[in-house]
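The numbering of the sequence shown is our numbering, which starts it at 85 and goes up by one. By construction, the Cβ of each residue, glycine as well, lies at the ideal position given by its N, Cα and C atoms. Model, not experiment: these values are computed from the prediction.
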Amino acid sequence: MQDQRFPIAGGGIGGLAAALGLAQRGKQVLVLEKAAELGEIGAGIQLGPKALHAFDYLGIGDEARSMAVYIDNLRLMDAITGEKITRIPLDDPFRARMGNPYAVVHRGDLHGVFLRACQDNPLTDCGRKCAPRCWAADHQEFPVTPPIARSSRSRTGPRNCVGTRRCSGPDPNAI
Ligand SMILES: Cc1cc2nc3c(=O)[nH]c(=O)nc-3n(C[C@H](O)[C@H](O)[C@H](O)COP(=O)(O)OP(=O)(O)OC[C@H]3O[C@@H](n4cnc5c(N)ncnc54)[C@H](O)[C@@H]3O)c2cc1C
């Protein structure tokens, strides 16, 4: 298993988190991204305490927390009337009970935290561009590892892609 590389389709927050987790367990990882460059589109992402627990587990919790803002209340509003429906307090008692705060962070900042952690880990290769339809099994440069995750509906399709809704092929120009 040590000399096998785990291919991950998609270098978003999810793909990079999976890459980091595998690399921290000594696995070699290849992240395949179809977009021109690795990055995030969008603005903020809300993170519940469990997300921050997971970040701590991956060793990036402190850095993620350092770029987050913390909110004291979640207010649920009626989308039609604009009236307030309820309020969920997220202040100190919530933080103490949950062991972590409820946070909001810019997606690009969070993606950067994961990307730097992956780039700092010699077992991860995040620099690969692949075609819109990538199939990791086409990449003969490394032995393909048995499936990490695959669709339970797919018995005949590719079995070696992680982190994407659909990963089909073969595509000889994938990388
Ligand atoms: C409007 C909106 C608001 C949201 N708000 C929140 C929130 O507040 N809190 C929260 O926790 N979650 C939120 N989510 C969900 C959250 O955005 C996603 O769970 C999270 O960003 C998914 O990360 P990901 O890396 O799995 O996927 P993505 O960020 O979609 O990244 C997938 C990557 O895979 C690449 N890719 C796709 N197919 C292939 C392929 N075949 N080969 C190679 N690369 C491929 C894409 O180019 C992309 O870079 C929100 C979602 C939406 C739509």
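Practice item. With a 10 Å radius around its C-beta and 16 neighbouring C-beta atoms as the bar for buried, classify Gly143 as buried or exposed. Key: exposed
Check your understanding: Identify the residues that DSSP records as bridge partners of Gln112: which are they?
Key -> Arg89
Check your understanding: Near Cys202, which residues of its chain fall below 6 Å by C-beta distance, leaving aside the five closest residues on each side in sequence?
Key -> Leu100, Ala103, Leu104, Thr208, Cys210
Point to revise | Secondary structure of Lys134, DSSP reduced to three states | key: helix
Review point. What's the call for Tyr141, buried or exposed, on a 16-neighbour Cβ count within 10 Å?
Key: exposed
Review point. Assuming Leu263 and Ala187 make a contact with CB atoms under 8 Å, what is their CB distance in whole Å?
Key: As shown, the chain starts at 85 and ends at 259. That puts residue 263 outside it, with no answer to give.
Review point. Where are the alpha helix (DSSP H) runs, 4 residues long or more, that stay fully inside the region 117–166, in chain order?
Key: Qualifying alpha helix (DSSP H) stretches, in chain order: 133–142, 145–150.
Check your understanding: Is the distance from the Cβ of Ala39 to the Cβ of Val189 below 7 Å?
Key -> The chain is shown from 85 up to 259; residue 39 falls before or after that span and cannot be answered.
Practice item. Decide if Pro185 is buried, meaning its Cβ has at least 16 other Cβ atoms within 10 Å, or exposed. Key: buried
Review point. In chain order, what residues of the same chain have a beta carbon less than 7 Å from the beta carbon of Gly126, not counting five sequence neighbours either side?
Key: Within the same chain, Cβ atoms closer than 7 Å to the Cβ of Gly126 are found at Arg191, the five residues on either side in sequence being excluded.
Review point. Would the beta-carbon of Ala127 be found less than 6 Å away from any heavy atom of ligand 1?
Key: Result no, Cβ not under 6 Å from ligand 1.
Point to revise | Lys118: CB within 6 Å of a non-hydrogen atom of ligand 1 | key: yes
**Study point:** Ala93 beta carbon near ligand 1 (any heavy atom closer than 6 Å)
**Key:** yes
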